[in-house]
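Colleague:
Structure representation (structure tokens):
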């Protein structure tokens, strides 16, 4: 199965889902995060980063474009491309250097980097549903399928 959909009742459920995904991402991945402003993309990312062992704050890199986290098992990079004016700006910041084999790249607003960003292993969409949210995960390749299979075992 290349898709998974889970209902998230509140912010803590969103963080917990991020924690679970962190355990399924063994050797890094490229993950695109889709959703409206305030849909929970940064909250979910906080769960992933903290699940990998980060103890400090996880803030949105809206103004810096990328926030790096050097962790024991993987180098994680949280991108927020919302304010990106042109995808070419990514080339100037050396975007390709972030996509190493063992890197976890979580990218909010990936459509703003179209044509520059590599293909995502997983596309994740967070949507409002009543008072909660629904997270939809879609695997795009064998690595994404492997991550989804491991994640399903934890749910």
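Residue numbers (this note's numbering): 951 to 1105. Using N, Cα and C, we set each Cβ at its ideal position, and we do this for glycine too.
1. Is the beta carbon of residue 1087 sitting closer than 8 Å to the one on residue 1072?
2. First and last residue of the beta strand (DSSP E) that includes residue 1089?
3. Write down the C-beta distance between residue 1027 and residue 1018 rounded to the nearest angstrom, noting that I regard them as a contact closer than 8 Å.
4. Taking contact to mean 3 or more Cβ pairs, one atom from each stretch, closer than 8 Å, check whether the region 1076 to 1095 and the region 995 to 1006 are in contact.
5. Is residue 1079 near the ligand ZN, in the sense that its beta carbon is under 7 Å from a heavy atom of that ligand?
6. Pick out whichever of 1083, 1097, 1095 has its Cα sitting closest to the Cα of residue 989.
7. For residue 975, report the span of its alpha helix (DSSP H) as first-last.
8. List the endpoints of the continuous alpha helix (DSSP H) containing residue 1069.
9. Between residue 968 and residue 1001, how many whole angstroms is the CB-CB distance? I'm expecting something under 8 Å.
10. What is the rounded straight-line gap between the Cα of residue 1076 and the Cα of residue 983?
11. Are the Cβ atoms of residue 1124 and residue 959 separated by less than 8 Å?
12. Bridge partners of residue 893, per DSSP?
13. Quick one: using the 10 Å Cβ neighbour count with 16 as the cut-off for buried, is residue 1078 buried or exposed?
Modeller: Considering the structure as presented:
1. Sequence index remark: in the chain shown, residue 1087 carries index 137 (1-based). Sequence index remark: in the chain shown, residue 1072 carries index 122 (1-based). Yes, the Cβ-Cβ distance between residue 1087 and residue 1072 is below 8 Å.
2. Working through the chain shown from its first residue, we reach residue 1089 at position 139. Its beta strand (DSSP E) spans residues 1082 to 1089.
3. Position 77 of the chain shown, counting from 1, holds the residue named residue 1027. Position 68 of the chain shown, counting from 1, holds the residue named residue 1018. Rounded, the Cβ-Cβ distance is 5 Å, consistent with contact.
4. no
5. Among the components modelled here there is no ligand, and therefore nothing to report on the ligand ZN.
6. If you number the chain shown from 1, residue 989 lands on position 39. Out of 1083, 1097, 1095, 1083 has the C-alpha closest to the C-alpha of residue 989.
7. Indexing the chain shown from 1 puts residue 975 at position 25. Premise fails: residue 975 is in no alpha helix (DSSP H) and is neither H nor E.
8. Along the chain shown, one-based indexing puts residue 1069 at 119. No alpha helix (DSSP H) contains residue 1069, which DSSP labels as neither H nor E.
9. Your numbering for residue 968 matches position 18 in the chain shown. Your numbering for residue 1001 matches position 51 in the chain shown. At roughly 6 Å, the Cβ-Cβ gap stays under 8 Å, so residue 968 and residue 1001 are in contact.
10. Counting from 1 along the chain shown, the entry for residue 1076 is found at position 126. Counting from 1 along the chain shown, the entry for residue 983 is found at position 33. The alpha-carbon atoms of residue 1076 and residue 983 are separated by roughly 8 Å.
11. Residue 1124 lies beyond the range of the chain shown here (951 to 1105); nothing can be said about it.
12. The first residue shown for the chain is 951 and the last is 1105, placing residue 893 beyond what the model contains.
13. Looking up residue 1078 in the chain shown gives position 128. Burial call: exposed.
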